[in-house]
Amino acid sequence: MRSQSGSTNEGTDEQAAGAGVLDGGEELWRLDWDGPEVEFVVHQGHAPGHLGLRVPGDGVLIAGDMCSDDEVPLLDLTGKNPLDDYWDGLSKLAWLAGSSELLVPGHGGVARGSGEISERFERDQEYLQAMAAGRVPDDARLKGPGREWMLVEHEAMTKWCLRSRLV
0 MRSQSGSTNE GTDEQAAGAG VLDGGEELWR LDWDGPEVEF VVHQGHAPGH
50 LGLRVPGDGV LIAGDMCSDD EVPLLDLTGK NPLDDYWDGL SKLAWLAGSS
100 ELLVPGHGGV ARGSGEISER FERDQEYLQA MAAGRVPDDA RLKGPGREWM
150 LVEHEAMTKW CLRSRLV
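Counting in numbering that gives the first Met the number 0, the sequence shown runs from 0 upward without gaps.
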């Protein structure tokens, strides 16, 4: 891996110290290989060690299991603060998305152009804001056939958000 500053490491956490830093203080990494330039951030938003990857030369952001037009944000309820972790991950991805023309989520369709990409972030932000405020999100991704599993996840996240507000 190569940090934003250009230093090379062999991929271990110890050797990864001194990585490049984004505007918000997040670490930005570069893949050290002979292929196209690939930058990535690590966050805990959806799962521990979740990645967001950007191929700047092609204007592509690979969002992993986030920014889907088909699924609501799925929090890692085993983390210390799942809602804050997801916000942090979304923030890092939004920074990477600034120069991207394509957003590729792990589930759902590709977002093309800054308008569609912005809509993905806005939809996820609205969902998270509603959850944090104890409101039921009006989100089309929770409706329709085949959504039973997502409703179960949504209910578990709702319970976590309500419990965290009481503490």
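All C-beta atoms, glycine included, are put in the ideal place defined by N, C-alpha and C.
Residue i - DSSP class collapsed to helix/strand/coil
i	result
Pro-104	strand
Ala-18	With a pLDDT of only 44 at Ala-18, under the threshold of 50, the placement of this residue in the model should not be trusted; the figure read from the coordinates follows. DSSP places Ala-18 in coil when its eight states are reduced to three.
Ser-2	Its pLDDT being 42, under 50, Ser-2 is placed unreliably in this model, and the value from its coordinates should be taken loosely. Three-state DSSP puts Ser-2 in a strand.
Gly-63	strand
Glu-147	helix
Asp-12	Residue placement at Asp-12 is poorly supported in this model, since its pLDDT is 42, which falls under 50; the coordinates still yield a value, given next. Here Asp-12 sits in coil by DSSP.
Arg-134	coil
Ala-110	strand
Asp-68	coil
Asp-57	helix
Candidates the options, of which the one nearest residue i by Cα
i	options	result
Cys-66	Leu-95, Pro-35 and Leu-76	Leu-95
Leu-52	Glu-36, Pro-144 and Glu-154	Glu-36
Pro-72	Asp-31, Gln-128 and Pro-144	Gln-128
Met-156	Trp-32, Gly-78 and Gly-145	Gly-78
Gly-34	His-49, Gly-48 and Gly-56	Gly-56
Val-135	Glu-154, Asn-80, Pro-144 and Trp-148	Glu-154
Short Cβ contact (8 Å threshold) for residue i with residue j
i	j	result
Leu-60	Leu-102	yes
Gly-88	His-42	yes
Glu-139	Phe-120	Just to set this straight, residue 139 is Ala in the shown sequence, not Glu. No, the Cβ-Cβ distance between Ala-139 and Phe-120 is not below 8 Å.
Met-130	Leu-76	no
Glu-147	Gly-107	no
Residues that residue i bridges to, as DSSP identifies them
i	result
Val-40	Gly-51
Contact with chain D by residue i, beta-carbon distance below 8 Å
i	result
Glu-70	Annotation note: the requested chain D is absent from the structure, which comprises a single protein chain.
Pairs of beta-carbons, one from the stretch 105 to 122 and one from the stretch 66 to 83, closer than 8 Å: are there three or more? yes
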